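Peer 1: Provided herewith is a single structure, encoded as structure tokens, for subsequent inquiry.
2 protein chains.
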Amino acid sequence: MRITVLFFALYSVLRKQSCNVKVYAPRLVAEGRARLRGRFSIETLLPSAGWVRRAWQPTEEDLYNSCGLDGVVFSRIFVFSLRVFSLAAIIGIFVLLPTGMVGGNELHEKLHVCSHLLDVSNQTPMEFVGRLWCHFSAAYIITGVMCYLLYAEYKYIAEKRIAYFNASKPQPQHFTVLVRDIPLHAGNSLSDTVEAFFTEYHPSDYLSHSVLITKRKLEKCSLVKVYRKLTHLKSTSSSSQNQNHSGFFGMFGKRVDLVRDYSKKLEDIEQNVRLVQSDSRRELKFFPAAFVSFKSRYGAAKALHIQQSVNPTEWVTEWAPEPRDVYWPFFSTSFMQRWISKLIVFVASVLLVILFLLVVAFVQSLTYLEELEALFPFLGKILKITVISQVVTGYLPSLILHLVAALVPPIVKLFSAMQGYVAVSQIEKSACKKMLLFTIWFLFFANVLTGSVTSEIEFLFDPKTIPSRLAVAVPAQVHICLHQINDIGRSFYAQESIRFSRLHFSLLMWHCCRRKDDKFEIPSIPYYSEIPRILLFVLLGLTYFLLAPMILPFILVFFCIGYIIYRNQLLDVYQPKYDTGGRFWPVVHNSTIFSLVLMHIIAVGIFGVKKLPVAAILIVPLPVLTLLFNDYCRKRFLPVFRKFSAEVCSYFARSIAFFYWPFFSWIPASHCYSECRLSWQTAPYHLATAPGCLL
Amino acid sequence: MRITVLFFALYSVLRKQSCNVKVYAPRLVAEGRARLRGRFSIETLLPSAGWVRRAWQPTEEDLYNSCGLDGVVFSRIFVFSLRVFSLAAIIGIFVLLPTGMVGGNELHEKLHVCSHLLDVSNQTPMEFVGRLWCHFSAAYIITGVMCYLLYAEYKYIAEKRIAYFNASKPQPQHFTVLVRDIPLHAGNSLSDTVEAFFTEYHPSDYLSHSVLITKRKLEKCSLVKVYRKLTHLKSTSSSSQNQNHSGFFGMFGKRVDLVRDYSKKLEDIEQNVRLVQSDSRRELKFFPAAFVSFKSRYGAAKALHIQQSVNPTEWVTEWAPEPRDVYWPFFSTSFMQRWISKLIVFVASVLLVILFLLVVAFVQSLTYLEELEALFPFLGKILKITVISQVVTGYLPSLILHLVAALVPPIVKLFSAMQGYVAVSQIEKSACKKMLLFTIWFLFFANVLTGSVTSEIEFLFDPKTIPSRLAVAVPAQVHICLHQINDIGRSFYAQESIRFSRLHFSLLMWHCCRRKDDKFEIPSIPYYSEIPRILLFVLLGLTYFLLAPMILPFILVFFCIGYIIYRNQLLDVYQPKYDTGGRFWPVVHNSTIFSLVLMHIIAVGIFGVKKLPVAAILIVPLPVLTLLFNDYCRKRFLPVFRKFSAEVCSYFARSIAFFYWPFFSWIPASHCYSECRLSWQTAPYHLATAPGCLL
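Chains as they are written, first to last, in our numbering: chain A, 1 to 695; chain B, 1001 to 1695.
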């Protein structure tokens, strides 16, 4: 607790320093809402809670305007968790805990008492039946309330999503379909093939298309780089900043006007590209893929949902991603290639799991010094030193796990990218699911089921014993779990709010090179690694709800702090790089259902271990009902997150006349491109797309 | 073998008797291609093989014209199985059997020898390695060949399906979509709501619609009955037959002209219906469901594939079934109702499985007389009589199992019907999948894994031991399996070809009532019960391929006879009641893949039991590769069987002008209906549809 307060104080002081403004409010800086230089006063050195108020105040509407629906969904996870765990904490502490209270005030004892609550041996039958009913009703009540809240939340977000879609201005991606696996016929050019196909099968809806081509890497890179630089320079207000020393690290050499310099470079490259285009079109490599645009959003939806070709592996369609969201590096136009890369990613993920299990097993062996000594006898003397042995047993395991855990998100993201998705949002959604599996598996199962790698794998192949094994293992690990909540929660929030790595980098740049980092980028929130972490706490809270309700207040505190910190970060620090329109919610929903069912399985296991078959059988309807509820939700709400209905698309079709312009300004991207009209509307799509989009 | 020949002879004699022609060639009678009365000659009493030639001769094209694509698919199952098992038999008998041959000529010994082929104890290492390689290569070769053939077959049938769709005349169901769960708004009539919705969201494609209403049961039934009678009477040529005695069983009373009689009845009822329609329309109960027709097949496909409403449980669309294929009794318009009935059916199926398991357990206990005596002491004396004990242990179990197994298909079909499908073809396809599970589970697992009910259920919950348990259990049951092939195969073909029940009924009618059964119905082939039986033999053949190759010739004989008999039945006896366009093939494909994987699992188990871990590990890639192959086929071919592509639909759109008429003659069904133009094109749809289709 003291450390948490300390962090908050440190953060409030650090963020007041004007030199750190790019670290703590890069978004405000980019939007011109932050003072870059303030007067120095003693006030800036005193911790204050003003930022908490500022993070608390904005309504959901503000959050929506600022971060899109994904930001709202992210904050709804906290709201939902707070609601659930407030009730759970009340039930746990005022009902479950007293029934199991035997004596002693210390947390340590309480936790132990709770896990032995249902020990029949030293209770009278009547007492026991009462307690049984308490736990029973608690399990049923919390499941009922959670299902109700999950339903309400799913409904709310689905409605928000539809409203968001109805309210959004027409955007190019709503009218465009990405077509891959176009079969090539000798004699016909790719562009002609595409045009002939869509003119034939979608005569009334088809508008135009852009075939994808590869460009020379050098040109593309330099073009993008120069363009970004130019945009940034133009956006900063004072022209004095746009002059810099040329030469080593900008420290020596004559001053030059950066804007003019970059403009000239850009023009040169554009000229070059145009020459390449006109002269050596035949040298360009065409991809058998194209962006096909339709006259209406409804037309695009129709073309998307119907299978195009007789052969389902040809003319494969999907929604075109947002222009800013495109990700080319692993773009593949072959169905087989995508299928094989998915298989490879699956195998690689399994290997990663095994590797990680080995690391965890090694780390666990560290806590038993005797085993380590037996393995490496030469370490015997060193490990006898108290400090070293303390470090090795106490700090080293945690450190190694943290380091390795920090490596997992980028690897998982890479895996998802290799699966051939064409948009960052799709990659991150897939990575989010993978991370969820990893997080739950390692931070929950691998911690709870301490043992060898093989025994953990065997666990999966022996479904009968799962409830009883969990029932024995989970209560035994209450302490580790509590430690984890404190440890992970604290380090993770500290890392998140204070942004150490970024702060170091900023200070380093400031002190060593004496230059401000011009090209500071506004980070985007990595939903794929944050959401699983939060959901892990939902899982912990639910699984320990019956066994050790004393954990719940800690989890409540975690969510309260998280709510404030993340709102602050969403509003001040991160800028969304894409907008999935709340597509992360189904992942959250499914994971919560999994947590609920796990809670039920553990409950069955406990009653089984305590030799109470009646109680175990009476719990069984609960997971069945939960899964039925989930099935209903899948049927009722999931389609809203997967595809747009005729109603939604048509709603838009009526208003298209008023908003038609941005659509048209985007479609003939090649036209804009060749005439160098690199407006903000059209250029990013075009430049971000490595194998560009040329007609 | 002798019994088989006897059956064939009996069949050839029976089918030559002109009095049996309605039993053995009802289809030919209905199509007017059979002689109802021939001259009596001695030739008709001599068995001949002419019918075999006649069944063999027709090409696939003839079969297609006669039974549609489903008939072709059905006969392809035999062709495919014959190809696979010819190769398997060659490998098995000429390669696998000699390597395991120790001595003795009798089948009994051979079977035993084969199952102990891989017993390491009495073999030198070199000998053993050679044998291992033989089994290995055999497993890999047969898997490779099967996958190749499966791929070729899937491709062939998918192409046939597309060709069939392209060649078919425009049919009402291709233009029509069944819409359920129409939300009702107070004030608007259902018909207006439907029209408003589709005019708004599908303005260019929408043509018309028919709302479903309930009719009074009495009228409906009598109308359908009278109409059928009339159609049949009109179709029979000789007018003399259309006169009959009125009175008890047609034996007494004056002769009346049946056609005139029924025509009058029909007119009365129609008049009645028209009155009801015009006077008390408000009293009719409207279902919130409608058939919506579109201007083109493509328009219907587009409307089908896009989700209509924002709420995915409203305006649920599916293809309208063929008019002759509609099945109303369990028609439901509520999404929730369908969901709940699916759940109920699932629970009922599980209960049925448990019930059947209990029956099997009881039957197995019959073979151990001591147990039975211990259970029912009063039976002691009776069971001491040799004849009774022989009957009880030898014949009774088989009889009970046959009787119970005969009860399963209708129950399963009822379950599938209760799930809320609207077409008989959908119900039968669903029933086919269920029957497949039942057949495989009971005739394979429950026979192989003899034991108590709980031990069989435990088997499922202990996945680790599955291979080794199968490896031990399967070879031990070679005899039972062989017995089964003979027993089931023979009884089933005899039943199928000689059609005992039908023959008895016909003879009974002939002798007791002395009247010909006028209203004889041409049966339709029950694919849902036949296909699983045939696939069971594929399963048996594959699982015993490595263990007891001597079984393979028997299976080959089974498929040869089956091929001839079913072709004969398809051409002469059965008339298809629906045409799914080959949609049963994916079921066959999946089941074959399952059989292959089961073979691999058993192979792994055998090598595991014989303590040959290297061999067991080397087999593991085989099921993985097979499942990958299956996944590829799912992606490549399955969509062709699920939905029609833009190319296919548009192909048709071009030719619509020439074939437009039957479409229009169907669409305003209510119009036809009210004007009593009960043509063959429109009426059956209309009359078969219990809650009729009225505008």
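Even for Gly, the Cβ is constructed at its ideal location relative to N, Cα and C. None of the values given here were measured: they were computed from a predicted structure.
#1: Quick one: grab the DSSP three-state call for B/P1319.
#2: Spatial neighbours of B/K1295 within its chain, please: CB distance less than 6 Å, with the 5 preceding and 5 following residues excluded, ordered by chain position.
#3: Could you list the residues in the region 1291 to 1311 of chain B with a C-beta less than 9 Å from some C-beta on chain A, going in chain order?
#4: Strictly below 9 Å CB to CB, what residues from chain A border B/S1204?
#5: Any Cβ of chain B within less than 9 Å of the Cβ of A/R636?
#6: Just to check my reading of the structure: B/T1143 and B/T1465 have Cβ atoms closer than 8 Å, yes? What is that Cβ distance to the nearest angstrom?
#7: Output yes or no for whether 9 Å exceeds the beta carbon distance between A/L96 and A/L570.
#8: Could you spell out the range, first to last residue, of the beta strand (DSSP E) harbouring A/V177?
#9: Between B/P1467 and B/I1385, which are expected to be in contact by the criterion C-beta below 8 Å, what is the C-beta distance as a whole number of angstroms?
#10: Going by other Cβ atoms of all chains shown within 10 Å of its Cβ, with 16 needed for buried, is A/V640 buried or exposed?
#11: So B/C1019 is in the alpha helix (DSSP H); what residue range does that whole segment cover?
#12: Express the C-alpha separation of B/M1435 and B/K1342 in angstroms, rounding to a whole number.
#13: Does the beta-carbon of B/G1541 have 16 or more other beta-carbons within 10 angstroms, so that it is buried, or is it exposed?
#14: Quick one, are the C-beta atoms of A/P203 and A/R567 less than 9 Å apart?
#15: Assign A/V5 to one of three DSSP states: helix, strand, or coil.
#16: Identify the residues that DSSP records as bridge partners of A/L132: which are they?
#17: For B/S1293, which beta-bridge partners are listed by DSSP?
#18: Please name the residue, chosen from A/A9, A/L366, A/L638 and A/S425, that lies closest to A/L396 on a Cα-to-Cα basis.
#19: Which residues in the same chain have their Cβ closer than 7 Å to the Cβ of A/I388, if we skip the five residues on either side of it in sequence?
#20: Taking the straight line between their C-alpha atoms, what separation do you get for A/A473 and A/V79?
#21: For A/F165, which of helix, strand or coil comes out of DSSP?
#22: Note the first and the last residue of the continuous alpha helix (DSSP H) segment covering B/W1339.
#23: Candidates A/H305, A/V84 and A/F291: which alpha carbon is nearest A/E322's?
#24: Which residues of chain B have a Cβ atom closer than 7 Å to the Cβ of A/T313, listed in chain order?
#25: Starting from the C-beta of B/Q1307, find all residues in its chain whose C-beta is less than 6 Å away, skip the five residues before and the five after it, and write them out in chain order.
#26: Just by C-beta distance, which residues in the region 1141 to 1162 of chain B are closer than 7 Å to chain A?
#27: Return helix, strand or coil for B/A1055, following the three-state DSSP convention.
#28: Pick helix, strand or coil for B/F1085, following the three-state DSSP scheme.
#29: Since A/E318 and A/L212 should fall inside the 8 Å C-beta cutoff, what is the C-beta to C-beta distance between them, to a whole number of angstroms?
#30: Is the CB of A/D631 under 9 Å away from at least one CB in chain B?
#31: Mind pulling the chain B residues with CB within less than 8 Å of A/V648?
#32: Going by CA-CA distance only, name the one from A/V408, A/A361 and A/I162 that's closest to B/S1699.
#33: Under 8 Å by Cβ, that's how I've got A/P549 and A/I93 pegged, so tell me the actual separation to the nearest angstrom.
#34: One question on the structure: do A/P288 and A/D192 come within less than 9 Å of each other, judged by their Cβ atoms?
#35: Taking the runs of the beta strand (DSSP E) that are 3 residues or longer, which of them lie wholly in the region 1541 to 1566 of chain B?
Peer 2: On the basis of the data shown:
#1: Here residue 1319 of chain B corresponds to residue number 319 of the second sequence, with the count starting at 1. Going by the sequence as given, residue 1319 of chain B is Trp instead of Pro. In this structure, B/W1319 counts as strand in the three-state DSSP scheme.
#2: Here residue 1295 of chain B is taken as the residue at index 295 of the second sequence, counted from 1. Answer for B/K1295: D1205 and L1207, listed in chain order.
#3: Answer set for the region 1291 to 1311 of chain B: Y1298, A1301, K1302, A1303, L1304, H1305, I1306, Q1307, Q1308, S1309, V1310 and N1311.
#4: Here residue 1204 of chain B is taken as the residue at index 204 of the second sequence, counted from 1. Neighbours of B/S1204 in chain A, taken as residues whose beta carbon is under 9 Å from its own, are S204 in chain order.
#5: Against the first sequence, residue 636 of chain A aligns to sequence position 636. Closer than 9 Å: yes.
#6: Residue 1143 of chain B sits at position 143 when you count from the first residue of the second sequence. Residue 1465 of chain B sits at position 465 when you count from the first residue of the second sequence. Contact between B/T1143 and B/T1465 does not hold, since the beta-carbon distance rounds to 24 Å and is not under 8 Å.
#7: Residue 96 of chain A sits at position 96 when you count from the first residue of the first sequence. Residue 570 of chain A sits at position 570 when you count from the first residue of the first sequence. Between A/L96 and A/L570, the C-beta spacing is not below 9 Å.
#8: Within the first sequence, residue 177 of chain A is the residue found at index 177, counting from 1. Per DSSP, A/V177 belongs to the beta strand (DSSP E) from T176 to R180.
#9: Residue numbering aside, residue 1467 of chain B sits at position 467 when the second sequence is read from its first letter. Residue numbering aside, residue 1385 of chain B sits at position 385 when the second sequence is read from its first letter. The pair is not a contact, with the Cβ atoms about 45 Å apart (cut-off 8 Å).
#10: The residue labelled residue 640 of chain A in the question sits at position 640 within the first sequence. Flag for A/V640 reads buried.
#11: Residue numbering aside, residue 1019 of chain B sits at position 19 when the second sequence is read from its first letter. Where B/C1019 is concerned, there is no enclosing alpha helix (DSSP H), because DSSP gives it neither an H nor an E.
#12: The residue you call residue 1342 of chain B lines up with position 342 of the second sequence. The residue you call residue 1435 of chain B lines up with position 435 of the second sequence. Inter-residue distance for B/K1342 and B/M1435 is about 16 Å (C-alpha atoms, whole angstroms).
#13: As a first step, residue 1541 of chain B must be located in the second sequence, where it is residue number 541. B/G1541 should be labelled buried.
#14: Taking the first sequence and counting its residues from 1, one reaches residue 203 of chain A at position 203. Taking the first sequence and counting its residues from 1, one reaches residue 567 of chain A at position 567. No.
#15: Taking the first residue of the first sequence as position 1, residue 5 of chain A is located at position 5. Correct three-state label for A/V5: helix.
#16: Taking the first sequence and counting its residues from 1, one reaches residue 132 of chain A at position 132. Per DSSP, none; premise fails for A/L132.
#17: By one-based count along the second sequence, residue 1293 of chain B stands at place 293. Paired residue(s): B/T1176 and B/S1208.
#18: Counting from 1 along the first sequence, the entry for residue 396 of chain A is found at position 396. Closest by alpha carbon: A/L366.
#19: Your numbering for residue 388 of chain A matches position 388 in the first sequence. Within the same chain, A/I388 has close Cβ partners I382.
#20: Here residue 473 of chain A corresponds to residue number 473 of the first sequence, with the count starting at 1. Here residue 79 of chain A corresponds to residue number 79 of the first sequence, with the count starting at 1. So the alpha carbons of these two residues sit roughly 30 Å apart.
#21: Locating residue 165 of chain A in the first sequence gives position 165, counting from the first residue. In this structure, A/F165 counts as helix in the three-state DSSP scheme.
#22: What you label residue 1339 of chain B is simply residue 339 of the second sequence in a count that begins at 1. For B/W1339, the uninterrupted alpha helix (DSSP H) segment begins and ends at F1335 to L1366.
#23: By 1-based counting over the first sequence, the position of residue 322 of chain A is 322. Of the listed residues, the one whose Cα sits closest to A/E322 is A/F291.
#24: Numbered from 1 along the first sequence, position 313 holds the residue referred to as residue 313 of chain A. Those within 7 Å of A/T313 in chain B are K1635 and R1636.
#25: For the purposes of this step, residue 1307 of chain B is identified with residue 307 of the second sequence, where counting begins at 1. The beta carbon of B/Q1307 is closer than 6 Å to none in its chain, skipping five residues each way along the sequence.
#26: Cβ contacts with chain A: I1162.
#27: Walking along the second sequence from the start, residue 1055 of chain B turns up at place 55. Residue state, collapsed to three classes: helix.
#28: Start at 1 with the first residue of the second sequence, and residue 1085 of chain B comes out as number 85. B/F1085 falls in the helix class under three-state DSSP.
#29: The count along the first sequence starts at 1 and reaches residue 318 of chain A at position 318. The count along the first sequence starts at 1 and reaches residue 212 of chain A at position 212. The pair is not a contact, with the Cβ atoms about 14 Å apart (cut-off 8 Å).
#30: Residue 631 of chain A sits at position 631 when you count from the first residue of the first sequence. Yes - at least one Cβ of chain B is within 9 Å of the one on A/D631.
#31: Within the first sequence, residue 648 of chain A is the residue found at index 648, counting from 1. Neighbours of A/V648 on chain B, chain order: V1310.
#32: What the structure shows of chain B is the stretch from 1001 to 1695, and residue 1699 of chain B is not part of that stretch, so it cannot be assessed.
#33: Here residue 549 of chain A is taken as the residue at index 549 of the first sequence, counted from 1. Here residue 93 of chain A is taken as the residue at index 93 of the first sequence, counted from 1. With a beta-carbon spacing of about 6 Å, A/P549 and A/I93 fall inside the 8 Å limit used to define contacts.
#34: Position 288 of the first sequence, counted from the first residue, corresponds to residue 288 of chain A. Position 192 of the first sequence, counted from the first residue, corresponds to residue 192 of chain A. Between A/P288 and A/D192, the C-beta gap is not smaller than 9 Å, which leaves the two residues out of contact.
#35: List check, beta strand (DSSP E) in window: nothing returned.
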